[in-house]
Amino acid sequence: MHISNMDGLDILSLKILVSLYENKSATYVSKALDIPAPKISRSLKNLREIFGDELFIRRKYGLFPNEFATHLYPIAKEAIECTDKFQKARIANTRQVKTHVEIAAPGLIAYTFPKALMQAIKEEQKPMHININPWSMHTTQDIINGDTTLGICCNKSAADVAAFGDKLLTTELQRMDKLYLIASRHHPIFKREITLETIAEYPYVNTDLGNPSTKLSPYQEFCITNGIKLNTEITITSISSLFEYLGESNAVSLLPYRIVYEMVSDIPELHTCQLSQYEAERLYADTETPTIFLVQKNQPNAINEDLKWLSGEIKKIVDRII
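Numbering (UniProt numbering), first residue to last: 1 to 322.
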């Protein structure tokens with residue numbers, strides 16, 4: 001294997017390598033890093049020339065890392081972390097210290113926040129550096145410990161949050177009373193009447209709304225309450241993995257996020273439709289309507305105006321994507 005001059009290796013290419021490895025979708029990486037798709041292609045071409053290896057294998061629904069890319073991934077991630085340390089040192093040296101804000105959001109919609117928040121931060125010239133990670137079962141404790149600043153979660157996490165009493169402060173952002181069905185484009189369900197009962201006739205993919213995996217989704221609860229047999233085939237929290245799985249199987253999935261519904265319109269292998277309001281009302285008649293909450297550490301004597309402003313910007317984004 002021939003390796004070219006390593007001087008051509010840049011940090012952006014390493015970030016793209018890491019993000020492609022983690023998400024397996026060039027479209028997702030483009031949106032998450034706010035980089036045009038052609039630049040992603042050029043950087044990947046540059047990486048392949050430098051290392052003399054294909055690194056990623058193109059499949060029907062994305063780019064998948066080969067063995068050598070798997071070997072490079074932890075090295076690249078460590079290099080990026082080192083550059084972050086250099087950046088922090090430079091900022092400290094020039095006395096332009098920024099507030100570092102760690103944000104956790106549901107994996108299926110986390111990609112919608114970086115670009116919009118950074119644009120708002122730049123426009124208002126706020127001294128902030130943000131990092132966004134998927135919500136996990138450890139996020140509530142991370143917020144209490146100070147490792148995560150703000151958490152965006154669904155109501156299925158509200159009970160988990162409430163267990164910490166007055167240590168956490170929750171703010172309701174948006175109720176999600178609409179339902180969107182996603183499946184492969186030629187799935188037979190789109191040729192018949194779509195109801196909560198007919199959906200259960202097909203393998204079902206559960207999506208994590210931010211709640212611990214041991215808790216049921218509203219649709220799973222509905223099926224149990226009404227004696228409907230539901231084959232929950234798998235739980236998927238990554239949007240790229242969800243799209244790939246649905247496109248290659250006979251499974252279906254229900255989501256409350258309009259932004260995902262709109263995103264599917266650009267994917268030829270998938271099709272989606274909004275369920276009638278009647279079906280949505282049936283689902284939520286006996287279970288809690290999903291609600292997006294903002295969670296932060298309860299510090300009544302430490303009001304931060306920048307965080308208050310950032311919370312308002314997150315609310316605006318949530319209003320646009322639900």
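Note that the Cβ used here is the ideal one computed from N, Cα and C, for glycine as well. Keep in mind the model is a prediction, meaning the values are calculated, not measured.
For residue i, which residues of its own chain have a beta-carbon under 8 angstroms away from its beta-carbon, when the five flanking residues on both sides are left out?
i, result
"Ala-246", "Before going on, a small fix: residue 246 reads as Leu here, not Ala. Closer than 8 angstroms at the Cβ level, and outside the excluded window around Leu-246, lie Ile-182, Ala-183, Ser-184, Val-205, Val-252, Ser-253, Leu-270."
"Trp-309", "Glu-124, Lys-126"
"Ser-311", "Leu-150, Thr-171, Leu-294, Gln-296"
"Pro-36", "Ser-30"
"Thr-198", "Ile-189, Arg-192"
"residue 352", "Any property of residue 352 remains undetermined from this structure, which presents the chain solely from 1 to 322."
Leaving out five residues before and five after residue i in sequence, what residues of the same chain have Cβ atoms less than 7 angstroms from its Cβ?
i, result
"Ala-32", "Ser-19, Tyr-111, Pro-114"
"Ile-322", "Gln-174, Met-176, Tyr-257, Arg-258, Ile-292"
"Asp-319", "Gln-174"
"Tyr-284", "Asp-177, Pro-218"
"Arg-95", "Unreliable placement is indicated for Arg-95, whose pLDDT of 48 sits below 50; no coordinate value is reported for it."
"Leu-230", "Ala-200, Tyr-204, Gln-220, Cys-223"
"Lys-77", "Val-18"
Any idea which residues DSSP pairs residue i with across the strands?
i, result
"Tyr-219", "The partner list for Tyr-219 (beta bridge, DSSP) is empty, contrary to what the question assumes."
"Leu-150", "Ile-103, Gln-296"
"Phe-51", "Answer is none; Phe-51 lacks a bridge partner."
"Ile-234", "Val-205"
"Ala-321", "Here residue 321 is Ile; the residue named in the question, Ala, does not match the sequence. Paired residues: none, contrary to the question."
"Ile-132", "Ile-103"
By Cβ distance, which residues of its chain are closer than 6 angstroms to residue i, with the 5 residues on each side in sequence left out?
i, result
"Asp-147", "none"
"Leu-242", "Ile-236"
"Gly-210", "Here the model assigns Gly-210 a pLDDT of 48, short of 50, so the residue's position is not dependable, and the following value carries that caveat. Correct list, in chain order: Pro-106, Trp-135, Cys-153, Cys-154, Ser-157."
"Gln-274", "Tyr-180"
Return yes when the Cβ of residue j is within less than 8 angstroms of the Cβ of residue i, no when it is not.
i, j, result
"Ile-50", "Leu-9", "yes"
"Tyr-180", "Val-260", "yes"
"Ile-57", "Asn-66", "yes"
"Ile-239", "Tyr-28", "yes"
"Val-295", "Ile-132", "no"
"Ala-104", "Pro-127", "no"
"Asn-298", "Lys-167", "yes"
"Thr-225", "Asp-286", "yes"
"Thr-99", "Asp-306", "yes"
"Ile-80", "Ile-11", "yes"
"Glu-221", "Tyr-61", "no"
"Leu-255", "Thr-289", "no"
Contact defined as beta carbons within less than 8 angstroms: I believe residue i pairs with residue j. What is the distance between those atoms, to the nearest angstrom?
i, j, result
"Glu-313", "Leu-14", "The Cβ separation is near 29 angstroms, so there is no contact."
"Leu-196", "Glu-279", "6 angstroms"
"Lys-122", "Leu-63", "Incorrect: roughly 30 angstroms between the Cβ atoms, too far for contact."
Just checking residue i against the ligand ADP - is the residue's beta carbon closer than 7 angstroms to any of the ligand's heavy atoms?
i, result
"Ser-240", "The ligand ADP is absent from the structure shown, which contains no ligand whatsoever."
Item checked: Runs of beta strand (DSSP E) lying entirely within the region 251 to 314, each at least 3 residues, in chain order -> 253 to 255, 270 to 274, 291 to 297
Notebook entry, point to check: Where in the region 155 to 205 do unbroken runs of the beta strand (DSSP E), each at least 3 residues long, occur, reported from the N-terminal end onward?
Noted result: 168 to 175, 180 to 184
Notebook entry, point to check: Considering only residues of the UniProt domain "HTH lysR-type" (9 to 66), which uninterrupted alpha helix (DSSP H) runs meet the minimum length of 4 residues and lie entirely inside it, listed in chain order?
Noted result: 11 to 23, 26 to 33, 37 to 51
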